[in-house]
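In what follows, a single structure is set out as structure tokens and then discussed.
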Amino acid sequence: MEVTFLGTSAMVPTRNRNHPGVLLTYGGENILIDCGENIQRQLRIGGVSPAKITKLLVSHWHGDHVLGIPGLIQSLSASDYQRTLEIYGPERSKNFMKKIVSAFLLKGKIDFVVNEVKGKFFENEDFVLEAYLMKHTVPCLAFSFIEKDKRRVNVGYVKKFGLERHPLLGELQKGKDIFYNGKKIKAKDATIIKKGRKVTYITDTEFIAGCIKVAKDADLLVCEATYSKELEEKAREYQHLTAEQAAEIAKKAGVKKLVLTHFSQRYKSVGKLEKEAKEVFKNTFISKDFMKVNV
Numbered sequence: 565m566e567v568t569f570l571g572t573s574a575m576v577p578t579r580n581r582n583h584p585g586v587l588l589t590y591g592g593e594n595i596l597i598d599c600g601e602n603i604q605r606q607l608r609i610g611g612v613s614p615a616k617i618t619k620l621l622v623s624h625w626h627g628d629h630v631l632g633i634p635g636l637i638q639s640l641s642a643s644d645y646q647r648t649l650e651i652y653g654p655e656r657s658k659n660f661m662k663k664i665v666s667a668f669l670l671k672g673k674i675d676f677v678v679n680e681v682k683g684k685f686f687e688n689e690d691f692v693l694e695a696y697l698m699k700h701t702v703p704c705l706a707f708s709f710i711e712k713d714k715r716r717v718n719v720g721y722v723k724k725f726g727l728e729r730h731p732l733l734g735e736l737q738k739g740k741d742i743f744y745n746g747k748k749i750k751a752k753d754a755t756i757i758k759k760g761r762k763v764t765y766i767t768d769t770e771f772i773a774g775c776i777k778v779a780k781d782a783d784l785l786v787c788e789a790t791y792s793k794e795l796e797e798k799a800r801e802y803q804h805l806t807a808e809q810a811a812e813i814a815k816k817a818g819v820k821k822l823v824l825t826h827f828s829q830r831y832k833s834v835g836k837l838e839k840e841a842k843e844v845f846k847n848t849f850i851s852k853d854f855m856k857v858n859v
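Take any residue in the sequence shown, note its place counting from 1, add 564, and you have its number in the working numbering.
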């Protein structure tokens, strides 16, 4: 599992930071979370073909998070995109996409389906996607990618029974006890549970209890840090987080690693934000455009 930062600025991009966008790669999935202006170019620079995008998660419909959608769709069309792009977002997402299609003459470019979501909204045999409503000036979602636990065969244990390559191993992986050469092999003894990983993305919200809930026990929390703590009142006014508040969320939620993003253009250097966060949660890192994090 890999997370690539395609844009790490807030409302106004800078010379070094693009509008928001994060790509989560897992197996054959390339899940784009938010699609700020110029994301299609950021993907190219980052070495990712836009045609590999499988899902687009939209936290909310403010321009800095969605202005890249028309360009992305045009790029997908030019790349002979064969999938149906799955788009997930908060209430009124269908209406907003209709306006984008109309304004930019995108009808017929590619096939896509828009889903307005909350709670658990996608599940397959490998992972679950969840959305939680945050508190912003418009409906805004935080997202969690939750990998399912995997049951692995304990090779050393089953070898004691002379069992190595055999279809019965598949039954053990399903958690079922088996019989081999007249002996019962219990799944709980013959397998090891590998805990699934969790990545949470929080942006554009006040500091509310829901932030801690959605980030609970995440291996990686990607969280906005628009302001320093001295501008906490401004953060509250515009319903954003400070770096210190992001660190408090990480600490209270018991996450393993925090990466800050969505920085106000007022900060030529974000070292101050990093320092404020590290005073609360030591395992904090600053994101940069095109930075990759393995989870």
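By construction, the Cβ of each residue, glycine as well, lies at the ideal position given by its N, Cα and C atoms.
query, result
"Can you tell me the Cα-Cα spacing of Phe660 and Phe845, whole angstroms?", "38 Å"
"For Ile850 and Ala810, I'd like the C-alpha separation in whole angstroms.", "12 Å"
"Please report the distance separating the alpha-carbon of Ala779 from that of Leu733.", "35 Å"
"From the DSSP output, which residues share a beta bridge with Gly585?", "Gly571"
"Does Lys738 come out as helix, strand or coil in the three-state DSSP assignment?", "coil"
"Taking the alpha helix (DSSP H) that Val778 falls in, what are its first and last residues?", "773-779"
"Output the boundary residues of the alpha helix (DSSP H) element that contains Tyr802.", "796-802"
"With C-beta atoms as the reference, is Glu796 less than 7 Å away from Thr767?", "no"
"What whole-angstrom Cβ distance do Val763 and Val622 have, given they're in contact under 8 Å?", "Their Cβ separation, rounded to whole angstroms, is 17 Å, which puts Val763 and Val622 out of contact at 8 Å."
"Glu843 by DSSP, collapsed to three states: which one?", "coil"
"Which stretch, first to last residue, makes up the beta strand (DSSP E) that contains Ala695?", "691-697"
"For Ile751 versus Asn718, is the C-beta distance shorter than 7 Å?", "Checking the displayed sequence, the identity of residue 751 turns out to be Ala instead of Ile. Cβ atoms of Ala751 and Asn718: not closer than 7 Å."
"Just how far apart, CA to CA, sit Gln737 and Tyr721?", "14 Å"
"Measure the CB-CB distance between Lys747 and Arg716 and report whether it falls below 7 Å.", "no"
"Give the secondary structure of Tyr645 by DSSP, where H, G and I count as helix, E and B as strand, and everything else as coil.", "coil"
"Pull up the DSSP beta-bridge partners for Ile651, would you.", "Leu620, Val678"
"What does the Cβ neighbour count give for Ala814, buried or exposed, with the cut at 16 atoms within 10 Å?", "buried"
"I'd like to check one pair, Ala574 with Ser792: are the Cβ atoms closer than 7 Å?", "no"
"According to DSSP, is Val612 part of a helix, a strand, or is it coil?", "coil"
"Please name the residue or residues paired with Phe849 in a DSSP beta bridge.", "Val823"
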